[in-house]
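Notes for the one structure printed next.
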Amino acid sequence: MLKALAQASATGVRPLSTVTARVQLHQVRNATYAATAPTILDINFSDLPRSPRSLPQETRARAILATDGTHFTTEEPTLHMKKKDGNDGSKKSPEEPAKEKKKEPEPAKDVEPNRPKESGLVVAEATLTGGTSLGGSNGGGNNNSNNNNNNNNNNNNDDDHSNNMSSVVSYQAGSYPPLLAIAMKDKPPLPGRPFSINISDPAVKKTIIEICDRREPHFVLFHMKDPEEPDTDIINNRDSVYTIGVHCYVQRYYEDGPYLRILGYPMERCRLEKLTVPSEASPTSSTVATDGSTAPDPVEEEDFPTAYLKTLGVSYAKVSHCKDEPYDPNTTEFRALIEDVKNLLSKMARVIPNKKDTVRDASNLLSSPHKLADFIGSTTSATPKKVQEMLEELNVEARLQKALELFKNELEAYTIAEKTMKELSSRADEAQTKQIVKEYIKGLQKNAGLVEQENSKTRKFDERLKHLKLSEEAMEAYNSEKAKMESQNEHSSELAVSERYLDWLTSIPWGVYSKDRFEVKLAKDILDRDHYGLKEVKERILEFISMGKVSGKVDGKILCLTGPPGTGKTSIAKSIAEALDRRYVRIAMGGIQDVHEVKGHRRTYIGSIPGRIISALKLAKTSNPLMLIDEIDKLDLSRSGGAASAFLEILDPEQNNAFVDNYIDVKVDLSKVLFVCTANYLGNIPAPLRDRMEIIDVSGYTNNEKLEIATRHLVPQAAKKAGLSEKHVSISPAAITRLIEKYCRESGLRNVKKLITRIFSKASLKIVEMLEEKEAPKEKSDVADPAKTETVRAVPKPEDSKQFSDNISLSANDEQEEVKPLEIPTDVKLEITPEVLKDYVGPEIYTRSRVYDIPPPGVATGLSYSTSGNGDALYIESILTHAISSGSGHAGMHVTGHLKDVMKESASIAYSFAKLFLVKEYPENRFFEAADIHIHCPDGAIPKDGPSAGISFTSSLISLALNKALPPTIAMTGEITLTGKVLPVGGLREKILGAKRYGCDTIIFPKDIENELEEIPKEVKEGVKFIPVLWYSEVFDAIFPDVTKEDCNNVWKKEFELLDEKKKKKDSN
């Protein structure tokens, strides 16, 4: 039973005043206190009688329980006090003997003095009744009144606190109602030693607050068996916790970030009889007996006092009190054991100065061996397993023996550390020595098995490993680096290096795979949704997915999408990833020239990191993503092709299952990764790398395809981005066609998209200006006073620049005020037609379809295929630098126009063949004997190369030699040999599109690539006449169908006659 002793701060009667008294609770006679069992209670009594020993029948007071021993005064809860005999107050409660009044101890010094009064306090309403004498207290009437949160003076009798349970609910001795059951992974508390625990589960947090509000703050705590299990507050499995736990009560609680921090007091050992876990399948709960079987819970059938726990979604348990086995402290063995403890305490007080308080408190408990054992187990650095063994030990002598062993180990560890510190002090300065000793003590405690504390910096890596399946080699590297990290000084520079390595190693998704989805119909729908046209490309992709469905995997395939910029290669890769349900990651290859950017830097370098492949895997979080190697043809090959050689390993299905990054230095399996590359020009990709790829050609779009794509995709996207709709801004098909023909002649749609976005941007400005003009008040014009008009229109200037800065929020936590979109009236509408297009995107760029409407002799139209994948018209111009009759020139040729070596060779070959052709076909035409020829290719800022202009060079020279102009609508492509053979070239589809953009309706091309015409869509070939040729003679017949042999022989006859006369005169002189 509990007795309340009150000491008033005033003895006289003070009407309508407040007298503060401190009530100290002990297990003694004459009183029963129904509360939450704090040790100290401060009460403010109103209208207190002269003698504090004689209380009236009912005294109301306001109080709050200060469980941390701090003095508080508040006006919130009410404490009701009634006499036990329940009479009308005529009798007064018997006075307590004066000797039982105890001097109240001072509050604990380690309590935080600045904690708010409302935080961390348990409010309780209690009834204090006086009664008959019930005899002495069990446990020797311990009157130690130190607060429960003091780590050195918490020696209250366990039975004292267990009896408080009678104030919560009514039960028989040794029997408890079901209590909240909480799991704990850390070191379990022992009776008599306060502890703290963080609660993260929302249901348990809510329950803790609920039981405290009900003045029933009792719960049971059980230690988890497996330290590798996820940390949880709810016990979901009976076998996951030990049977012996601790019956505790809440001293106080407060919110600590995402946790509810509880300061609790363990009262006694308890045994788990029945466990009820929350059930997700039904609103009721299931009960697990101690044997692990599920059976109907008899507790569920009766209305027990804590039945409200059933509705809170937590685990609760039926427990029984565990009593210590009887022992005789007077036996020889027991006295010897106590003597060993005394000697050890004496030695520890001499050796370890900071343990003197602990030694003093333990010495005070020598007369209570069961308390002494628990106290030692709580204060030493024992492992959770060792403490649980002490908790389960009900034999006091055996428990004390285990406590003695823990004390001996701690003293031995300190002795070794002290010796080590002396040896190190001669080799290092004082600060470094302290740090080394600190780390050495940690190592000693860990190696001795005294602690089981994980390194906080490696704990997060261990958590990641639970979800990964590292290879044996990777696991060895992890364990080695982890051990190295844990042994390092926390100020060592190598610590950060090891931590960064473990972070990268555990960020790789080892063994994490997403499930592929091989649905051809869904893939077709996705491709049709995102892309218009590209029939051949879509068929190739569907074939690829179909093969994966048949074989069950898509391993070993390296796709390469090649084509001009803006044709949708990157978006096609995204669509493939969506169709296969794989994660999508992109690696941009532009400008990469160092192999270390691909394979990482070795860890010996400061600031080294893994390469882009490992970084992409970390970003993907799966080991089988779709990895897009974007613009692989832009690899910088100027430095011996190091980066390109790295991709030979990465993109080889036979080698990439053991890819080794220089930083990770562990084999990583890339065989499950689906690599998709993009390129504009295949010629820039090294041949060994190109051989490993499956090429899919994504060619340019026709004007009709551009129109459809712009109408279906680009215009709606731009309108949505601008916050407009078609009812406000409409672009006619004719305007889009004009945009394509006069502003954007490239094969892709990138510039078309930019211009459409610009149209909507300009339209937004026009609409806002229109609305502002309507909303602005009408101003009266005043011609006589222009200054007044100027004043009205002037924008007021702020008086101080701080006016703006004061309104700017400097806090990142402040929410930015959302600006509501402008409501545009339905009558506001802009129509974009070809006539007004220049008001939105400026004047036309391509005003003429051809450079030459009527070309002069010597001008031929060739076709080129740029490295960006675009087809274009290439004009070749040839002129005579001097008249033939002047005789001042030298027969020969020189070329300009930023031509590369291959194209210069092609021009030289064309010159030689043209002379041969003219001599053979028109022997009287002596043009090349005296002609000084200059050949030029316009757009000199653009480098040009390749052999496909061979027949164009030849035609330009022969046109000049015959003084006959070529038809302006004829374009040609093909390589020429010295014998006049026309060889095949590439990029026919793009060249056809380029020829159509420049108004050419006839194309001469090598006959050897005639089969490519069958694969080109009809809409691309529509309106174009194709002339396949094998020899240049066929080209000549096509471009000069009406020439006669006589005209060709006599074209330069008069000029050469004049030249010959000049030569004769010169020779005669």
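Residues 1 to 1069 (the UniProt record's numbering) make up the sequence shown, in order. Idealized CB from N, CA, C, for every residue including glycine.
Quiz item: To the nearest angstrom, how far is it from the Cα of G135 to the Cα of S368?
Solution: In this predicted model, G135 has a pLDDT of only 30, less than 50, meaning its place in the structure is not dependable; the value taken from the coordinates is given anyway. Near 21 Å, if we compare the C-alpha coordinates of S368 and G135.
Quiz item: Where does L700 land, buried or exposed, given buried means 16+ other C-beta within 10 angstroms?
Solution: What sits at residue 700 in the sequence shown is Gly, not Leu. Here G700 is buried, its C-beta having at least 16 other C-beta atoms within 10 Å.
Exercise. Could you check which residue in D1060, G723 and K484 has the C-alpha nearest to that of K820?
Key: Among D1060, G723 and K484, the Cα nearest to that of K820 belongs to G723.
Quiz item: Taking 7 Å as the CB-CB cut-off, is D691 touching chain B?
Solution: Included in the structure is just one protein chain, with no chain B present.
Quiz item: Which stretch, first to last residue, makes up the beta strand (DSSP E) that contains N198?
Solution: Here the beta strand (DSSP E) through N198 covers F195 to I199.
Quiz item: For D516, which of V715, H596 and R582 has the nearest alpha-carbon?
Solution: Among V715, H596 and R582, the Cα nearest to that of D516 belongs to R582.
Quiz prompt | CA-to-CA distance, Q655 to A474, given in whole angstroms | solution = Cα to Cα, the separation comes out at about 18 Å.
Quiz prompt | Contact set for K1062: own chain, Cβ-Cβ below 7 Å, skip 5 residues either direction | solution = These residues qualify, in order along the chain: G887.
Self-check item: Uninterrupted alpha helix (DSSP H) stretches inside the region 954–1042 (no shorter than 4 residues)
Solution: Segments of the alpha helix (DSSP H) lying fully in the region 954–1042: 988–997, 1018–1021 and 1032–1039.
Exercise. To the nearest angstrom, report how far apart H728 and L880 are at their CA atoms.
Key: Each residue's CA atom was taken as its position, placing H728 and L880 some 59 Å apart.
Quiz prompt | Coarse secondary structure for Y308, derived from DSSP in three states | solution = In the structure shown, Y308 sits in a helix (DSSP, three-state: H, G or I).
Exercise. Just the C-alpha distance for A616 and P653, rounded to the nearest angstrom, thanks.
Key: In this model, A616 and P653 are separated by some 18 Å (Cα to Cα).
Quiz item: Where does V851 sit, in a helix, a strand or coil, going by DSSP?
Solution: If DSSP states are grouped into helix, strand and coil, V851 belongs with coil.
Quiz item: Where do the N-terminal and C-terminal ends of the beta strand (DSSP E) with R269 fall, by residue?
Solution: Taken as a continuous stretch (DSSP letters only), the beta strand (DSSP E) holding R269 covers Y259 to V277.
Practice problem: Would you kindly check if the distance between the Cβ of T506 and the Cβ of R464 is under 7 Å? | Solution: With respect to the 7 Å criterion, R464 and T506 are classified as neighbours on the basis of their beta carbons.
Practice problem: Under 7 Å Cβ to Cβ from G313, same chain only, skipping five residues before and after it: list those, please. | Solution: Excluding residues within five positions, the ones whose Cβ falls inside 7 Å are A203 and P278.
Exercise. Round the Cβ separation of C248 and L221 to the nearest angstrom and send it over; I've been treating them as touching at under 8 Å.
Key: Yes, they are in contact, since the Cβ atoms of C248 and L221 sit about 6 Å apart, within 8 Å.
Quiz item: Looking at I1039 and S955, is the spacing between their C-beta atoms short of 7 Å?
Solution: It is a contact, given that the beta carbons lie within the stated cut-off.
Practice problem: With V351 as the anchor, note down where its alpha helix (DSSP H) starts and where it stops. | Solution: That run of the alpha helix (DSSP H) goes T332 to V351.
Quiz item: Whose CA, out of L400, Y440 and N624, lies closest to the CA of S514?
Solution: A check of alpha carbon separations from S514 across L400, Y440 and N624 identifies N624 as the nearest.
Quiz item: Quick one: Cα of V919 to Cα of R926, how far?
Solution: Straight-line Cα distance between these residues: approximately 8 Å.
Exercise. Give the single residue among T973, V1043 and D233 whose Cα lies nearest to the Cα of A1029.
Key: For the record, residue 1029 in the displayed sequence is Val; it is not Ala. V1029 has its Cα closest to that of T973, out of T973, V1043 and D233.
Quiz prompt | CA-to-CA distance, Q251 to A10, given in whole angstroms | solution = Only weak support is given to the placement of A10: the predicted model assigns it a pLDDT of 31, under 50, and the question is left unresolved by the model.
Quiz item: Among residues of its own chain, excluding the 5 on either side of M348, which ones have a beta-carbon nearer than 6 Å to its beta-carbon?
Solution: For M348, where only same-chain residues beyond five positions count, the Cβ hits under 6 Å are K355, V359 and L411.
Self-check item: Stretch-stretch touch, CB-based, cutoff 8 Å, three pairs: the region 583–596 with the region 549–561
Solution: Per the Cβ contact rule, the region 583–596 is not in contact with the region 549–561 (fewer than 3 Cβ pairs under 8 Å).
Quiz item: Where does D901 land, buried or exposed, given buried means 16+ other C-beta within 10 angstroms?
Solution: Within a 10 Å sphere around the beta-carbon of D901 sit fewer than 16 other beta-carbons, which makes this residue exposed.
Practice problem: For H370, count neighbouring C-beta atoms within 10 Å of its own C-beta (all shown protein chains included) and say buried if the count is 16 or more, exposed if not. | Solution: Taking a 10 Å sphere around the C-beta of H370, we find 16 or more other C-beta atoms and assign the residue as buried.
Self-check item: A891 versus I767, D932 and S381, residue with shortest Cα-Cα distance
Solution: Comparing Cα-Cα distances from A891 to each of I767, D932 and S381, the minimum goes to D932.
Quiz item: Sorry if obvious, but does the Cβ on M224 come closer than 6 Å to a heavy atom of the ligand MN?
Solution: Among the components of this structure there are no ligands whatsoever, and the ligand MN is therefore not found.
Practice problem: Would you list the residues sitting across from F659 in a DSSP beta bridge? | Solution: F659 pairs with V668.
Quiz item: I think P947 touches E975, with their Cβ atoms under 8 Å apart; what is that distance to the nearest whole Å?
Solution: About 4 Å separates the two Cβ atoms, so the contact holds.
Self-check item: Contacts around K185, its chain only, beta-carbon distance under 7 Å, and the 5 residues preceding and following it disregarded
Solution: Leaving aside the five residues that flank K185 on each side, the residues in its chain whose CB is nearer than 7 Å to its CB run, in chain order, M224, P227 and D231.
Self-check item: G192 versus T415: straight-line alpha-carbon distance, rounded
Solution: Whole-angstrom Cα-Cα distance: 29 Å.
Quiz prompt | Exposure label - S1068; buried when at least 16 CB within 10 Å | solution = Note on S1068: under 16 other CB atoms within 10 angstroms of its CB, so exposed under the neighbour-count rule.
Practice problem: Figure out for me which residue from G591, A398, F461 and E519 has the closest Cα to the Cα of R500. | Solution: Proximity to R500 across G591, A398, F461 and E519 peaks at F461, based on C-alpha coordinates.
Quiz item: Going by alpha carbons, who is nearest to L648 out of G607, R692, Y875 and K535?
Solution: Selected option, being the one with the closest Cα: R692.
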